[in-house]
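The sequence shown lines up with residues 54 to 454 when you count with the UniProt record's numbering.
Report on one structure; see the data block that follows.
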Amino acid sequence: DSVFAQIVRAPEDPILGVTVAYNKDPSPVKLNLGVGAYRTEEGKPLVLNVVRRVEQQLVNDVSRNKEYIPITGLADFNKLSAKLIFGSDSPAVQENRVTTVQGLSGTGSLRVGGEFLAKHYHQRTIYLPTPTWGNHPKVFTLAGLSVKAYRYYAPSTRGLDFEGLLEDLSSAPSGSIVLLHACAHNPTGVDPTLEQWEQIRQLIRSKALLPFFDSAYQGFASGSLDADAQPVRLFVADGGELLVAQSYAKNMGLYGERVGALSIVCKSSDVASRVESQLKLVIRPMYSSPPIHGASIVAAILKDGNLYNEWTIELKAMADRIISMRQQLFDALVARGTPGDWSHIIRQIGMFTFTGLNSEQVSFMTNEYHIYMTSDGRISMAGLSSKTVPHLADAIHAAVT
Ligand code: PLP
54 DSVFAQIVRA PEDPILGVTV AYNKDPSPVK LNLGVGAYRT EEGKPLVLNV VRRVEQQLVN
114 DVSRNKEYIP ITGLADFNKL SAKLIFGSDS PAVQENRVTT VQGLSGTGSL RVGGEFLAKH
174 YHQRTIYLPT PTWGNHPKVF TLAGLSVKAY RYYAPSTRGL DFEGLLEDLS SAPSGSIVLL
234 HACAHNPTGV DPTLEQWEQI RQLIRSKALL PFFDSAYQGF ASGSLDADAQ PVRLFVADGG
294 ELLVAQSYAK NMGLYGERVG ALSIVCKSSD VASRVESQLK LVIRPMYSSP PIHGASIVAA
354 ILKDGNLYNE WTIELKAMAD RIISMRQQLF DALVARGTPG DWSHIIRQIG MFTFTGLNSE
414 QVSFMTNEYH IYMTSDGRIS MAGLSSKTVP HLADAIHAAV T
């Protein structure tokens, strides 16, 4: 008998499970709105032209080798990633108060940051918004932190529960860590306004809470890398300390390359260098050193003015297509006279719309219309196209009438 005979089957990941069910459905009209990955109008994955070109250059450059890179990753990549999120003129970067390490996309960067805090920070509680990306509680619990929640989304308005957020952060013990989605909150698509961010900043600083930004969608929300980084830059500008996990999965379409970064902004360059020395001790026994390929692509694009411009144009095209899908879906529901207020579809931002459909309505749409999404009613706008909007609008209409 197997020594593993006692092992019980684990449940499918709720998000990846949607794709498993979708793949089994033979219907020609089936639609997968579960995955958080960009699709073209034709429903195909997209590799950016600028990424293809840089990859060709990397392959043809015979001076390049496959040696291990440092524990902290490629130095160029780290420096350029910090500039991308904090701004090229950021005093924190210029004063060497920031330590940046390459991470295994957003997830790996969050995990390294979490383990560093669990080991070295005096407060081991992290507050997560309700709801949040399903992986957050698991990543931070396994990193050794204790997870608590703060109110974020108000189902009644399908918008921000700003009062609840302020109340919950006010009553968090001093020093607590607060996870903030830098932009394009997943799964709700609801972001605070800049004025609200400023109030959140004041509260966080006055209570000496420690902000930990998850920046998985820079440039993907508004189409502008700078606009989407504003909340993070607001917090850096006050001179206080914070962490940021960056991902290049969405904004460069490098999902499977697993390329991201963790930055910790400190009060002085001396503290930053000691922090970095401890980050190495977190990373070394976890995976020794990060992969070279994806980070080389990113560094090449960020380093070169022409490639960078080309990237921003392709990035904006992705963001614009998603924004146009919002408008088309909203218009299609209005045209059908679908009961209810659907304006949140055009108010929300980023990859996802939190439709407000309940799990029975979601099941109905899957069973009757072959439309797949997570049971919380979240749909990926990036998985829609002009051709599939009418089918989705029909399904939503039927589900709520
Ligand atoms: N954080 C949020 C809010 C996300 O939505 C995602 C991806 O869906 C991630 C982090 C991490 O993604 P990755 O590890 O692929 O960069």
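Just so you know, even glycine gets a beta-carbon here, dropped at the ideal spot from N, CA and C.
Note that the structure is a prediction, hence the values are computed from the model and not measured.
Are Leu84 and Thr441 touching if we call contact CB-CB under 8 Å? yes
Would the beta-carbon of Ser158 be found less than 7 Å away from any heavy atom of the ligand PLP? yes
Within the segment 382-416, ranges of the beta strand (DSSP E) (whole runs, at least 3 residues): 405-407
Do you know how far the Cα of Glu367 is from the Cα of Ser229? 39 Å
Looking at Tyr180 and Ala202, is the spacing between their C-beta atoms short of 8 Å? yes
Do you know whose CA, among Asn131, Phe288, Gly292 and Gln299, lies nearest Gly272's CA? Gln299
Helix, strand or coil for residue 26? Go by DSSP, reduced to three states. Here the chain covers residues 54 to 454 and nothing more, so residue 26 does not appear.
Is any non-hydrogen atom of the ligand PLP found closer than 7 Å to the C-beta of Asn239, if you look at the structure I gave you? yes
Is Leu382 near His450, with beta carbons less than 8 Å apart? no
Within the present structure, is the beta-carbon of Asp267 separated from the nearest heavy atom of the ligand PLP by less than 7 Å? yes
For Gln110, which residues from the same chain have a beta carbon less than 8 Å from its beta carbon, with the 5 sequence-adjacent residues on both sides left out? Ala353
Top-ranked residue by Cα proximity to Asn362, from Ser277, Pro344, Glu310 and Ala348: Ser277
Leaving out five residues before and five after Glu372 in sequence, what residues of the same chain have Cβ atoms less than 6 Å from its Cβ? Sequence inspection shows Ala at residue 372; the Glu mentioned does not correspond to that position. Cβ within range, chain order: Phe273 and Gly276.
Tyr308 Cβ short of 7 Å to the ligand PLP heavy atom set: yes
What first and last residue would you give for the beta strand (DSSP E) that runs through Thr183? Thr178 to Thr183
Per-residue burial, Phe405 [other beta carbons within 10 Å of its own, 16 or more giving buried]: buried
Tyr270 (DSSP reduced to helix, strand or coil): coil
Which residues mark the beginning and the end of the beta strand (DSSP E) in which Ile317 is found? Gly313 to Val318
Confirm the yes/no value for this check: CB of Gly166, any heavy atom of the ligand PLP, distance under 7 Å. no
Would you tell me roughly how many angstroms separate the C-alpha atoms of Glu413 and Arg431, rounded to the nearest one? 13 Å
The segment 194-213 contacting the segment 254-264, beta-carbon criterion three pairs below 8 Å: no
Going by DSSP, what residue range makes up the beta strand (DSSP E) through Ala261? Careful: Ala261 lies outside any beta strand (DSSP E) and carries neither H nor E.
Pop quiz: Val146 and Ala325 are said to be a contact at Cβ under 8 Å. What is the actual Cβ separation, rounded to whole angstroms? Actually they are not in contact, since the Cβ atoms of Val146 and Ala325 sit about 11 Å apart, beyond 8 Å.
With a threshold of 7 Å (Cβ to nearest heavy atom), would Ser300 be considered close to the ligand PLP? yes
Let me make sure I understand the geometry here. Which of Ile375, Asp214, Ala74 and Ser268 has the alpha-carbon closest to that of Pro184? Asp214
Three-state class that DSSP yields for Ile432 in the structure shown: strand
Would you call the segment 420-429 in contact with the segment 60-75, where contact means no fewer than 3 C-beta pairs closer than 8 Å? yes
Since Asp201 sits in a beta bridge, which residues does DSSP pair it with? Residue identity check: residue 201 is Lys in the sequence provided, not Asp. Looking at the DSSP assignment, Lys201 forms a beta bridge with Tyr180.
Let me confirm a value: Thr160 is counted as buried when at least 16 other C-beta atoms fall within 10 Å, else exposed. Which label applies? buried
Proximity test, Gln234 beta-carbon vs the ligand PLP heavy atom, cut-off 7 Å: As written in the sequence, residue 234 is His, which differs from the Gln given in the question. At least one heavy atom of the ligand PLP is nearer than 7 Å to the Cβ of His234, so yes.
Cα-Cα separation, Gly313 to Pro64: 28 Å
Based on Cα-Cα distance, which residue from Val200, Gln59, Lys77 and Ile60 lies nearest to Asn420? Lys77
Burial state of Asp244, where buried means 16 or more other Cβ atoms lie within 10 Å: buried
Quick check on Lys172: buried or exposed, where buried means 16 or more other Cβ atoms within 10 Å of its Cβ? exposed
State yes or no: is the C-beta of Trp186 nearer than 7 Å to some heavy atom of the ligand PLP? yes
Any heavy atom of the ligand PLP within a distance shorter than 7 Å of the CB on Gly347? no
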